[in-house]
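Chains as they are written, first to last, in our numbering: chain A, 1 to 162; chain U, 163 to 701.
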Amino acid sequence: MKYTLSVLVENHPGVLSKVSGLFSRRAFNIDSLAVGITEDPGISRMTIVADGDEYVIEQLEKQLNKVIPVIKVRTYAQGDFISRELSLIKVSCPANKRLDIMKIAELMEAKIVDVSVNTMTLQFADTLERFETLTDLLKPYGIREIVRTGTVAIEKDSASRK
Amino acid sequence: MISGAEIMVKCLQKENVSIVFGYPGAVICPFFDYLYQTDIKAVLVRQEQNAAHSASGYARALSKVGVCVATSGPGALNMITGIATAYMDSIPLVCITGQVKSDVLGRDVFQEADITGACESFVKHSYLVKDTADLPRVFKEAFHIASTGRPGPVLIDVPVDVQQAEIEEFVYPEKVNIIGYKPSVKGHPMQIKRAVEMIAEAKRPVICAGGGVLTSGAKPKLREFVEKTGIPVLSTMMGIGVMPSDDPLYVGMLGSHGLKAANLTIHNSDLVILCGARVGDRAVASPDQVVEHANVIHIDIDPAEIGKNMKTSIPIVGDIKNVLGHLIKETDYKAPAEWVDKITKWKEEFAPKPQFFDGFVDPKSFISKLSEMLRPKAVMVADVGQNQIWCANNYRIRDGRFLTSGGMGTMGYSVPAAVGAKLARPNRDVVAVCGDGSFQMCLNELATIAQENLNVKIIVMRNTVLGMVHELQDIHYGSRYSITELDTIPDFVKLARSYGIDSAFASSNEEAEKYTKEMLKSDKPFVLVCNVHPNTSSK
Chain A
1 MKYTLSVLVE NHPGVLSKVS GLFSRRAFNI DSLAVGITED PGISRMTIVA
51 DGDEYVIEQL EKQLNKVIPV IKVRTYAQGD FISRELSLIK VSCPANKRLD
101 IMKIAELMEA KIVDVSVNTM TLQFADTLER FETLTDLLKP YGIREIVRTG
151 TVAIEKDSAS RK
Chain U
163 MISGAEIMVK CLQKENVSIV FGYPGAVICP FFDYLYQTDI KAVLVRQEQN
213 AAHSASGYAR ALSKVGVCVA TSGPGALNMI TGIATAYMDS IPLVCITGQV
263 KSDVLGRDVF QEADITGACE SFVKHSYLVK DTADLPRVFK EAFHIASTGR
313 PGPVLIDVPV DVQQAEIEEF VYPEKVNIIG YKPSVKGHPM QIKRAVEMIA
363 EAKRPVICAG GGVLTSGAKP KLREFVEKTG IPVLSTMMGI GVMPSDDPLY
413 VGMLGSHGLK AANLTIHNSD LVILCGARVG DRAVASPDQV VEHANVIHID
463 IDPAEIGKNM KTSIPIVGDI KNVLGHLIKE TDYKAPAEWV DKITKWKEEF
513 APKPQFFDGF VDPKSFISKL SEMLRPKAVM VADVGQNQIW CANNYRIRDG
563 RFLTSGGMGT MGYSVPAAVG AKLARPNRDV VAVCGDGSFQ MCLNELATIA
613 QENLNVKIIV MRNTVLGMVH ELQDIHYGSR YSITELDTIP DFVKLARSYG
663 IDSAFASSNE EAEKYTKEML KSDKPFVLVC NVHPNTSSK
């Protein structure tokens, strides 16, 4: 099962390597890791999507808590958070297909951020499910490159006040 | 103005460090140069790994942070095994390494190694100091982190230019403020209440005590708890010494190399109270089997250890000393006599048996005899291999310490750790027991012992093989002794004497005891070589 963890860390150099080193040495499988500064410039938030059972996630939480610059670890409960991922998708696009792809982009609410003679690049920020729908739709045209940020997540206000 | 090197030394003084173990090198020179001008003693080891082991022996014998220092590159890298050994056994160390100049970091210059990166997975925390002004805070934090919560080694890597640069003044912080580091020590009252209820229901309870009991200084509390409740006690290898060996309620060390009586006890119990024990694979090979018939109360200061290797009925996160204090107050439980009687019978039935061979010392009965000859507070340091098992199962500990590399199983630990222990406890008997294999991994420290004129007694079990693996080859590999025979063994007696250390060779238990008596009378170091038959088994 997939779990989404939110990890607040001190914004120091070297913290990322301490956290990422943990995954390999404790043999945790992670799908994605996204890092960015929070509203407090001294603190960064890592959003980690990890795969495993309850035992693995509990261990992951506990081991993360042992890393000195880690301030707080939360595993979000299903339905209690909003998650998004930003992706850039470069798709093959000869002139006669442009309209098709523009329609898909419009349908899926993706933004066209670059166009060339043979390609079109889409910017898409949504859930993983919607990302998969979009890529399924684009596959027939030939996807040349995909760049993804990894999931970021925020807790719903209703959940954080529980 | 004050230099980084001077600040580093001043920080050590602020932390009441009186001794460091180290080895010099170009980029740690500013530090050692300033240290030389103070009354902090610097002990020159003969290889950096031993600096960490000596600091570990010192730390354990004195319940204080041990400090080791090495230079960059190979010096720091040599120290890694010692750091990892301390990490596995939760020993508080501050390890200081010199580093190349910060403006050439990452350019693969002479003697450059990414030591903070290399040590990431076996330090409690590490620092690469880029600014001289950060040094006081870093040292304050390092000592705090190393010694609190679950202790462990902290590495401070200091580029030479950071040691040389000067700042206006030295101010040592009064307090540390690390927002993500607040170990919980108290133990949740609700959980303690549940534990008391669970203990009350138990018919066949047992305490399994690990190194955490000693680290926490909870030995008196544990003994009080045992006295009150009459619950029998097993120990892990790291926990040896929590109870006196001759206490009727102490069963012995459990695990794959432990006593049969101890293993029978845990496997027949209906309640296991784990105290500062992490249920390592050597201690409990099949924790799943145990939890089938027993409830588990796990007391540990490190929440990550609870439930990691064994399913827990009641987790209690906290300092064992505090938690046991509450349990003593709140319980009026008394363990059933028939359970204790059963264990006593197992203890008698399955006691370790000596193996006598003509012309050889039986190490098991000799170690048992040795325990009586040492003073009660003696520090016994066992190395790794068969010698470790002989000591663990036959040393009759009273109120002293039993030190060994339990988690990592690092050969060559005993002699340097004994050096540290002796410097920490000059008035106690300090004995290192090693095999001829492990001795050859650390005999360079004879020079340190001679130079410091340390009254350390070394007992070498010379069985001409790497006994532990040799035995494994007998059991699992059709007695094919692939590289386990030590065909060329130096004359250890002559070798010791060449360092100016007296030595003797014993070929029987009578001789071994005679020499032991003599060596314990003298205040000089001594190497006693015991001829041991290669077929002497671990158990």
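Don't be surprised by glycine CBs; every beta carbon is placed ideally from N, CA and C.
Item, Value
"Sheet register partners of Ile89/A (DSSP bridge)", "Leu122/A and Ile146/A"
"Neighbour list for Leu290/U in chain A, Cβ cutoff strictly below 8 Å", "Gly14"
"Asp31/A (DSSP reduced to helix, strand or coil)", "strand"
"Helix, strand or coil at Arg558/U according to DSSP, with G and I counted as helix", "coil"
"Three-state secondary structure (DSSP) of Met570/U", "coil"
"Opening and closing residue of the alpha helix (DSSP H) in which His638/U lies", "Gly629 to His638"
"Residue from Ala304/U, Cys596/U, Asp598/U and Gly438/U with nearest C-alpha to Val338/U", "Ala304/U"
"Interface residues of chain U facing Ile30/A [CB-CB closer than 8 Å]", "What Ile30/A touches in chain U: nothing, since even the nearest Cβ is about 16 Å away."
"Tyr3/A - DSSP class collapsed to helix/strand/coil", "strand"
"Residue from Pro525/U, Leu433/U and Ser378/U with nearest C-alpha to Thr698/U", "Pro525/U"
"Burial state of Gly268/U, where buried means 16 or more other Cβ atoms lie within 10 Å", "exposed"
"Unbroken alpha helix (DSSP H) run spanning Arg45/A, endpoints", "Segment Ile43 to Asp51 is the beta strand (DSSP E) holding Arg45/A; no alpha helix (DSSP H) there."
"Buried/exposed call for Thr38/A, threshold 16 Cβ in 10 Å", "exposed"
"Inter-stretch contact at 8 Å, needing at least 3 Cβ pairs: the region 71-84 of chain A / the region 134-154 of chain A", "yes"
"Contact check, Gln273/U vs Ser309/U, beta carbons under 8 Å", "no"
"Own chain residues within Cβ distance below 7 Å of Ile71/A, not counting five before or after", "Leu8, Val9, Glu10 and Ile43"
"Distance between Tyr198/U and Gly187/U (C-alpha atoms, nearest Å)", "14 Å"
"Own chain residues within Cβ distance below 7 Å of Met681/U, not counting five before or after", "Lys619, Phe688 and Leu690"
"Beta-carbon separation (whole angstroms), Ser378/U vs Ile482/U, contact threshold 8 Å", "4 Å"
"For Val324/U, three-class secondary structure by DSSP", "helix"
"Cβ-based contacts, 8 Å cut-off: residues of the region 262-281 of chain U near chain A", "Thr278 and Gly279"
"Rounded separation between Gln602/U and Gly574/U - CA only", "7 Å"
"C-beta neighbour in chain A for Ala466/U, strict 8 Å", "yes"
"Span of the beta strand (DSSP E) around Ala544/U", "Val541 to Ala544"
"Expected contact under 8 Å - CB spacing of Lys62/A and Pro465/U to nearest Å", "5 Å"
"Test: Gly52/A CB closer than 8 Å to a CB of chain U", "no"
"Under the three-state DSSP convention, the category Glu647/U falls into", "strand"
"Classification of Asn425/U by the beta-carbon crowding that lies within 10 angstroms, buried from 16 upward", "buried"
"Lys470/U at chain A interface by Cβ criterion, 8 Å", "yes"
"Contacts that His488/U makes with chain A (C-beta to C-beta distance below 8 Å)", "Correct list: empty, because the minimum Cβ distance to chain A is about 23 Å."
"Span separating the alpha-carbon of Ala371/U from that of Arg356/U", "20 Å"
"Cβ contact check for the region 320-334 of chain U and the region 255-264 of chain U: 3 or more pairs under 8 Å", "yes"
"Chain U contact for Asn69/A (CB, 8 Å cutoff)", "The amino acid at residue 69/A is misidentified as Asn; the sequence shows Pro. Answer yes: the Cβ-Cβ gap between Pro69/A and chain U drops below 8 Å somewhere."
"Interface partners of Ile307/U on chain A, CB under 8 Å", "Ile68"
"Own chain residues within Cβ distance below 6 Å of Phe301/U, not counting five before or after", "Cys173"
"Amino acids of chain A, ordered along the chain, whose beta-carbon sits closer than 8 Å to that of His350/U", "Within chain A, no residue comes near His350/U; the closest Cβ sits about 16 Å away, beyond 8 Å."
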